[in-house]
Amino acid sequence: MDSTELHNKKRKRKHGSSKAEKSDAVIPSDDVAAEPVKAKKDKKDKAHKKSKTVQEIGDEEDEPALKPAKAHKKAKRVHASEDEEETFEDEALDDEEDITMENGQEVAEDEAQDSNGGEELDESIPGAGALTLPTAGTLLTKFSDLNLSANTMKAIADMKFETMTEIQQRGIPPLLAGKDVLGAAKTGSGKTLAFLIPAIEMLSALKFKARNGTGVIVVSPTRELALQIFGVARELMTYGSQTYGILMGGANRRAEAEKLGKGINLIIATPGRLLDHLQNTQGFVFKNLKALVIDEADRILEIGFEDEMRQIVKILPKDERQSMLFSATQTTKVEDLARISLRPGPLYINVDHQKEHSTVEGLEQGYVVCDSDKRFLLLFSFLKRNLKKKIIVFFSSCNCVKYHAELLNYIDLPVLELHGKQKQDKRSRTFFEFCNAKSGVLVCTDVAARGLDIPDVDWILQ
């Protein structure tokens with residue numbers, strides 16, 4: 001009996017230990033099999049997360065709003081409400097679904113991408129990668145030497161420009177490289193292209209879209225000069241995808257605000273209307289501003305916009321902002337404006353340092369001495385003798401212009417009038433009519449005295 005019980009106990013131990021061994025063996029095999037399954041599931045989850053579109057904003061955080069070409073900062077994550085999504089979808093419909101080129105293929109932009117009043121841009125202005133500055137003592141003479149984008153070069157070719165002026169030779173390369181510039185150049189020296197080409201190239205390099213808001217602001221002293229700069233910008237941006245617009249007094253403010261809400265990448269503006277929109281237009285996105293251009297700075301200050309300019313410079317973001325200031329004369333006020341608007345150590349370019357006067361070469365100047373009671377008679381006889389010429393007559397006030405225009409037209413000497421008390425559409429029509437005319441007389445105030453490019457003018461009377 002003892003031997004039989006001992007045998008049964010041994011048998012139980014043997015079977016019990018084999019079960020334990022079997023159970024122990026099963027557990028690790030399950031774990032090993034589960035790990036690759038879990039890994040596969042994690043990979044699927046990651047792939048699923050990457051493929052999520054921006055329409056799922058309501059459930060989780062956004063992807064970065066804009067993917068820059070060279071990301072060296074983490075894009076800010078933005079939370080948007082359902083109302084904001086609906087607002088942006090309406091704007092996207094208005095923009096008729098932007099089409100961009102990526103890796104040589106046309107890709108439709110997501111209409112429902114979150115804007116939250118515009119997207120953050122993490123890129124700074126292109127540096128050495130965008131353009132290599134020429135060595136000291138060498139000046140590039142042709143636009144083809146600048147390594148510009150194909151779209152800009154095509155537009156310049158359409159405008160029949162090949163060789164650069166001095167201000168363009170000395171100003172465009174450092175501006176393309178992101179430097180601040182204080183330029184002294186007379187009217188008619190080619191300043192407009194000198195600041196517009198680098199500004200447009202910067203917008204193109206950063207791949208600005210309408211939803212990114214405003215990247216460049218150009219401030220002009222008068223509405224007519226703003227219209228002229230706008231015309232040049234329109235030609236230069238013919239083949240690009242960036243948006244552009246003009247803000248000026250006398251124009252429809254509500255229409256301007258609507259366009260700002262949709263996004264204007266490059267703005268040409270007069271100081272008063274620009275300050276108005278900066279302070280009062282909620283949809284105006286300027287947090288991504290990368291460049292500020294102040295054209296004819298001395299003229300802006302002469303006509304009383306000093307306070308407005310100080311407020312504008314104070315409101316606009318300063319971080320990574322490139323500034324360009326151009327002026328025909330260097331006054332104390334211009335230096336003060338340069339001090340608050342430019343970064344320390346700007347590049348100073350003076351193309352008129354060897355010239356005594358800031359007028360165009362080849363301009364003949366003279367004067368006539370006559371009694372005050374015979375001035376109108378002298379003016380009338382001069383204009384009557386030169387009816388086939390193109391003449392501009394400047395007067396000191398709006399009332400003087402209105403009086404002489406009415407009087408000359410009454411005595412059968414047809415003239416056009418241009419002054420600050422006219423409605424903007426009338427001013428614009430008069431300006432373009434005189435520009436396109438082969439002959440005629442324009443009587444005006446000093447609103448047309450600076451920066452305007454009116455072709456083939458034979459005489460200027462003051």
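Going by full-length UniProt numbering, the first residue of the sequence shown is number 1, and it counts up by one from there.
Backbone N, C-alpha and C fix where the C-beta goes; we use that ideal spot for every residue, glycine too.
DSSP bridge partner residues for residue i (one or two, in chain order)
{"i": "LYS209", "result": "Partner(s): none; LYS209 has no beta bridge."}
{"i": "VAL218", "result": "ILE268 and VAL293"}
{"i": "PHE394", "result": "CYS444"}
{"i": "VAL181", "result": "MET324 and LEU347"}
{"i": "TYR410", "result": "Beta-bridge pairing links TYR410 to no other residue."}
{"i": "LEU461", "result": "VAL393"}
{"i": "LYS142", "result": "THR163"}
{"i": "TYR244", "result": "LEU266"}
Inter-residue CB distance, residue i and residue j (contact presumed, cutoff 8 Å)
{"i": "PHE305", "j": "THR214", "result": "PHE305 to THR214, Cβ: 20 Å. No contact."}
{"i": "SER323", "j": "ASP180", "result": "5 Å"}
{"i": "GLY183", "j": "THR165", "result": "With 8 Å as the limit, GLY183 and THR165 do not qualify as a contact, their Cβ atoms being about 12 Å apart."}
{"i": "ASN151", "j": "TYR239", "result": "4 Å"}
{"i": "ALA157", "j": "VAL351", "result": "25 Å between Cβ atoms; not a contact."}
{"i": "PHE195", "j": "LEU175", "result": "7 Å"}
{"i": "ILE217", "j": "LEU289", "result": "7 Å"}
{"i": "GLY231", "j": "ALA257", "result": "The pair is not a contact, with the Cβ atoms about 23 Å apart (cut-off 8 Å)."}
{"i": "GLN168", "j": "LEU148", "result": "So it is not a contact: roughly 12 Å between Cβ atoms."}
Under 8 Å between C-beta atoms of residue i and residue j
{"i": "ILE312", "j": "LEU275", "result": "yes"}
{"i": "LYS402", "j": "GLY250", "result": "no"}
{"i": "LEU408", "j": "LEU442", "result": "no"}
{"i": "ILE315", "j": "LEU342", "result": "no"}
{"i": "LEU452", "j": "GLN228", "result": "yes"}
{"i": "ILE246", "j": "PRO271", "result": "no"}
{"i": "LEU225", "j": "ILE200", "result": "no"}
{"i": "LEU416", "j": "THR430", "result": "yes"}
{"i": "ARG170", "j": "ILE349", "result": "yes"}
{"i": "ALA291", "j": "LEU325", "result": "no"}
{"i": "LYS384", "j": "SER439", "result": "no"}
{"i": "GLY420", "j": "VAL447", "result": "yes"}
{"i": "ARG211", "j": "MET248", "result": "no"}
{"i": "LEU203", "j": "LEU146", "result": "no"}
{"i": "ILE294", "j": "VAL219", "result": "yes"}
{"i": "THR445", "j": "PHE395", "result": "yes"}
{"i": "PRO173", "j": "LEU206", "result": "no"}
{"i": "LEU378", "j": "CYS370", "result": "yes"}
{"i": "ARG310", "j": "ILE340", "result": "yes"}
{"i": "ARG253", "j": "ARG427", "result": "no"}
{"i": "PHE432", "j": "ILE454", "result": "no"}
{"i": "MET338", "j": "LYS390", "result": "Per the sequence presented here, residue 338 reads as Ala, with Met not at that position. Going by C-beta atoms, ALA338 is not nearer than 8 Å to LYS390."}
{"i": "TRP459", "j": "ASN399", "result": "no"}
Span of the alpha helix (DSSP H) around residue i
{"i": "GLY231", "result": "223 to 236"}
{"i": "GLU308", "result": "306 to 315"}
{"i": "ILE303", "result": "First-last for ILE303: undefined, no H or E at that position."}
{"i": "GLN424", "result": "424 to 436"}
{"i": "ASP158", "result": "150 to 158"}
First and last residue of the uninterrupted beta strand (DSSP E) at residue i
{"i": "GLY188", "result": "Careful: GLY188 lies outside any beta strand (DSSP E) and carries neither H nor E."}
{"i": "GLY250", "result": "GLY250 -> no beta strand (DSSP E), and no H or E assigned at all."}
{"i": "LEU387", "result": "Careful: LEU387 lies outside any beta strand (DSSP E) and carries neither H nor E."}
{"i": "GLU335", "result": "Where GLU335 is concerned, there is no enclosing beta strand (DSSP E), although the alpha helix (DSSP H) it sits in stretches over 332 to 341."}
{"i": "residue 466", "result": "Nothing in the structure corresponds to residue 466, since the chain is present only between 1 and 462."}
Residue i Cβ short of 7 Å to the ligand GDP heavy atom set
{"i": "THR165", "result": "You won't find the ligand GDP in this model; it holds no ligand whatsoever."}
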